[in-house]
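Enquirer: Let me give you the structure first, and then I'll get to my questions.
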Amino acid sequence: MTISTNVSQFALPKCPQLVRLSDDRPIPRPLRRSLPFFLSDHFRFVVLALAMLCMTSISANSLLFNFTVICMDGDANFTANQNGLLIAGTAIGGILAIGPVPHAIALFGLRYVFALFGLLSGLVTLLMPVLFFSGGGFYAIFATRIVQGLTLMPAMPAMSQITHNWANSANSENALFLMVLSLYMQFSVIMTMPTTGALCESAWRWPSAFFLFGFISLFLFLLFLFVYRNSPSQSPFVSPRELSALSQFRRPASSAADGTRIHRPQRVPIVQMCRDSSFWACCSAGLSFGIAYWLFAQFGPTYMNKVLNYKADSAGIFVAVPYFFAIFAKMLVPLADRVPRLSLRVRVVWIPCVCQLVNIVCYVLLALWPSASAILAQICFAVILCANGAGFVAVANNCQMIAQQHAHFLLALFALINYIITLVQPLIISWMASENTAEEWSHLFLTYAFILCVLNLAFAFGASTEPRPWTKEENCRRERNAADGGKERTKEEKF
1038 MTISTNVSQF
1048 ALPKCPQLVR
1058 LSDDRPIPRP
1068 LRRSLPFFLS
1078 DHFRFVVLAL
1088 AMLCMTSISA
1098 NSLLFNFTVI
1108 CMDGDANFTA
1118 NQNGLLIAGT
1128 AIGGILAIGP
1138 VPHAIALFGL
1148 RYVFALFGLL
1158 SGLVTLLMPV
1168 LFFSGGGFYA
1178 IFATRIVQGL
1188 TLMPAMPAMS
1198 QITHNWANSA
1208 NSENALFLMV
1218 LSLYMQFSVI
1228 MTMPTTGALC
1238 ESAWRWPSAF
1248 FLFGFISLFL
1258 FLLFLFVYRN
1268 SPSQSPFVSP
1278 RELSALSQFR
1288 RPASSAADGT
1298 RIHRPQRVPI
1308 VQMCRDSSFW
1318 ACCSAGLSFG
1328 IAYWLFAQFG
1338 PTYMNKVLNY
1348 KADSAGIFVA
1358 VPYFFAIFAK
1368 MLVPLADRVP
1378 RLSLRVRVVW
1388 IPCVCQLVNI
1398 VCYVLLALWP
1408 SASAILAQIC
1418 FAVILCANGA
1428 GFVAVANNCQ
1438 MIAQQHAHFL
1448 LALFALINYI
1458 ITLVQPLIIS
1468 WMASENTAEE
1478 WSHLFLTYAF
1488 ILCVLNLAFA
1498 FGASTEPRPW
1508 TKEENCRRER
1518 NAADGGKERT
1528 KEEKF
């Protein structure tokens, strides 16, 4: 009697290169939880709002010192170099995190990494006044600033990850998600400046601002850890109908032998990207919008207080008002997708170029009349931040179009660019405007206008709207094989 044995059934499954600790298997129906009728089939917008609030809180933590420094005269007398180093401390932390954070997100998923960094940001913000008055002084604030910069690093990659995983591409929600998530830049200033100004003038003084924002961050990120999932199929709050809509145009993941969905993160084709002019065009746009944003985010209160002679509470209000208008400017960008006669190049290339031209004109006006009229300065601030906000959303949409699955790398690069700006800019300000006079700021505004003009030209002539060849895996694989073949031929020639 012959017994036939199928050897293949005893074969071990192939080990994948990388398996996320939390797989993407759908949650069984009995474990799913019902939501109120007005949230049914729309849970992705709850995720969107919560993620934006979390990004706002960690960004606000990093901005607190930029305003409270003008209220700390009785407790700390820092030199100009120390102030510049403290303001640039967030950049040092961000640059330290630029390498490990993307790898950590790929390995553990956005949920755990973002929640851990957010909780750490809230904790160090809460403890900063305690460490300062316990004898830490300058070094306590400097260490806190480094940690705050490190924990802000995941915000930019999170914009791309959440948009890619939770936006409904069939309804053109990508631009909407990018717009809403990018609002954290404006909301963080709107929350921080007036609140901190009021607390600085109150009996609780500046330490109360750190206590308040630290508690808010801890609460929001504990809620994020409970609510957010790396994929809609993991969430107990996503209805089958919404899950079907979100999965319709998404590339399916590969599966292991047991049915577990496996994520093999694609290798980022850095060499191919660096050879592409569209890549450098997006980088130049990210640099120009970062310069325009961080000048006022870092030194707006100082300019209003020292040059225009506003008090601390008034300076906070006047700096925050332009950011409020910038929110409405950002909302106009997704509406451009609904205009049928507006070409794709106009929406994602020419809109950023026009926004930068507006910024350049306003910088020239501020340079010609730096302190003649506070109303003129307020109008220019508002126009610059509105144009900057709308232009950034259009550029982020451009990155999503040309980079596709690698857009998170471009946005992580934007984060690195922003950190470099926040590191270098205080040194430039302390050199060009050490006395904070109107004449010094006039020269500074003219210099910024020239830099923005050069970067705008680089973006206008190098930008594209089509997915680049390096987004197609087969093209990247062919180039890698060709490179490997060339290396082998070189070795054979040597022998």
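Under the numbering used here, the first residue of the sequence shown carries the number 1038, and numbering increases by one thereafter.
Ideal placement from N, C-alpha and C gives every residue a C-beta, glycine not left out.
For the alpha helix (DSSP H) holding Trp1243, just list the boundary residues, first then last.
Expert: It is not in any alpha helix (DSSP H) - Trp1243 carries neither H nor E in the DSSP assignment.
Enquirer: Can the beta-carbon of Phe1362 be found less than 7 angstroms from the beta-carbon of Ala1419?
Expert: Their beta carbons are under 7 angstroms apart, which means Phe1362 touches Ala1419 by this criterion.
Enquirer: Suppose the cutoff is 7 angstroms on Cβ atoms and the five residues either side in sequence are ignored; what does the same chain contact list for Gln1223 look like?
Expert: The residues are Tyr1360, Ala1363, Ile1364 and Gly1426.
Enquirer: Is Thr1200 closer than 7 angstroms to Phe1214 when the C-beta atoms are compared?
Expert: Yes, they are a contact pair.
Enquirer: If you check the beta carbons only, do Ser1417 and Leu1405 fall under 7 angstroms apart?
Expert: Residue identity differs from the one stated: residue 1417 is Cys in this sequence, not Ser. No, the pair does not count as a contact, with Cβ atoms beyond the cut-off.
Enquirer: DSSP three-state label for Ala1470, please.
Expert: Three-state DSSP puts Ala1470 in coil, outside helix and strand.
Enquirer: Does DSSP classify Val1275 as helix, strand or coil?
Expert: The answer is coil: DSSP assigns Val1275 none of H, G, I, E or B.
Enquirer: Can you tell me whether His1443 is buried or exposed? The criterion is at least 16 other CB atoms within 10 Å of its CB, across all chains shown.
Expert: So His1443 ends up on the buried side.
Enquirer: Where does Arg1312 fall in DSSP's three states?
Expert: Coil.
Enquirer: So, at 6 angstroms on beta carbons, what are the nonlocal neighbours of Ala1424 in its own chain, with the 5 sequence-adjacent residues on each side left out?
Expert: Excluding sequence neighbours, Ala1424 sits near Cys1392, Val1395 and Asn1396.
Enquirer: Which of helix, strand or coil does DSSP assign to Arg1505?
Expert: Correct three-state label for Arg1505: coil.
Enquirer: Determine, using beta-carbon pairs with one atom in the stretch 1225-1239 and one in the stretch 1121-1139, whether at least three such pairs fall under 8 angstroms.
Expert: Contact fails: fewer than three Cβ-Cβ distances are below 8 angstroms.
Enquirer: By how many angstroms is the C-alpha of Arg1378 removed from the C-alpha of Gly1251?
Expert: Rounded to whole angstroms, Gly1251 to Arg1378 spans 47 angstroms at the Cα level.
Enquirer: In this structure, does DSSP put Phe1154 in helix, strand or coil?
Expert: Residue state, collapsed to three classes: helix.
Enquirer: Enumerate in chain order the residues of its own chain whose CB-to-CB distance from Ser1225 is below 7 angstroms, with the five nearest sequence positions on each side excluded.
Expert: Correct list, in chain order: Thr1093, Ser1096, Ala1097 and Leu1100.
Enquirer: Are Pro1139 and Ala1470 close, meaning C-beta to C-beta below 7 angstroms?
Expert: No.
Enquirer: Would you mind reading off the limits of the alpha helix (DSSP H) that contains Glu1477?
Expert: Glu1477 -> alpha helix (DSSP H) spans Ala1475 to Gly1499.
Enquirer: According to DSSP, is Thr1109 part of a helix, a strand, or is it coil?
Expert: Per the sequence shown, the amino acid found at residue 1109 is Met instead of Thr. Looking at Met1109 - three-state DSSP - the assignment turns out to be coil, as it is neither helix nor strand.
Enquirer: With His1201 as the anchor, note down where its alpha helix (DSSP H) starts and where it stops.
Expert: Ala1192 to Trp1203 is the span of the alpha helix (DSSP H), which, as asked, contains His1201.
Enquirer: Thinking just about the alpha-carbon of each residue, which of Ile1412, Phe1102 and Arg1382 is nearest to the one in Asn1435?
Expert: The shortest C-alpha separation from Asn1435 is found at Arg1382.
Enquirer: Within 7 angstroms of any Cβ in chain D, is that where the Cβ of Phe1154 sits?
Expert: Although the question refers to chain D, the structure presented lacks it and comprises just one protein chain.
Enquirer: To the nearest angstrom, how far is it from the Cα of Asn1211 to the Cα of Phe1082?
Expert: C-alpha separation (whole angstroms): 12 angstroms.
Enquirer: Check whether the stretch 1300-1319 touches the stretch 1470-1488, counting contact only when three or more Cβ pairs, one atom from each stretch, lie closer than 8 angstroms.
Expert: In short, these stretches do not touch, since the Cβ pair count stays below three.
Enquirer: For Ser1325 and Leu1481, which I take to be in contact (beta-carbon distance under 8 angstroms), what is that distance rounded to the nearest angstrom?
Expert: About 16 angstroms separates the two Cβ atoms, so there is no contact after all.
Enquirer: Taking the continuous alpha helix (DSSP H) assigned at Phe1214, which residues delimit it?
Expert: That run of the alpha helix (DSSP H) goes Asn1211 to Ser1219.
Enquirer: With distances taken between CB atoms, is the gap from Ser1245 to Ser1158 smaller than 7 angstroms?
Expert: The answer is no: Cβ separation not under 7 angstroms.
Enquirer: Taking 7 angstroms as the limit between beta carbons, can you name the residues of its chain near Gln1441, skipping five residues before and five after?
Expert: Pro1504 and Thr1508.
Enquirer: Hey, out of Met1368, Leu1259 and Ser1171, whose CA is closest to Leu1087's CA?
Expert: Here the closest residue by C-alpha is Leu1259.
Enquirer: At what residues does the alpha helix (DSSP H) containing Phe1145 begin and finish?
Expert: It spans Pro1137 to Phe1145 - the alpha helix (DSSP H) in which Phe1145 sits, taken as one unbroken run.
Enquirer: In its own chain, which residues sit with a C-beta less than 8 angstroms from the C-beta of Leu1489, not counting the 5 before and 5 after it?
Expert: So the qualifying residues of the chain are Ser1325, Ile1328, Ala1329, Gln1393, Asn1396, Ile1397 and Tyr1400.
Enquirer: Span of the alpha helix (DSSP H) holding Asn1114?
Expert: Unbroken run through Asn1114: none, as it is neither H nor E.
Enquirer: Hey, out of Pro1506, Leu1147 and Trp1387, whose CA is closest to Met1196's CA?
Expert: Of Pro1506, Leu1147 and Trp1387, the residue nearest in Cα terms is Leu1147.
Enquirer: Where do the ends of the alpha helix (DSSP H) carrying Tyr1265 lie?
Expert: Premise fails: Tyr1265 is in no alpha helix (DSSP H) and is neither H nor E.
Enquirer: For Ile1412, count the other beta carbons within 10 Å of its own beta carbon; 16 or more makes it buried, fewer makes it exposed. Which is it?
Expert: It is exposed - the Cβ of Ile1412 has fewer than 16 other Cβ atoms within 10 Å.
Enquirer: Go to Val1401, then tell me how far its alpha helix (DSSP H) extends in each direction, as first and last residue.
Expert: Val1401 -> alpha helix (DSSP H) spans Ile1388 to Leu1405.
Enquirer: Starting from Leu1133, trace the alpha helix (DSSP H) both ways and give me its first and last residue.
Expert: Run containing Leu1133: Gly1126 to Ala1134, per the alpha helix (DSSP H) assignment.
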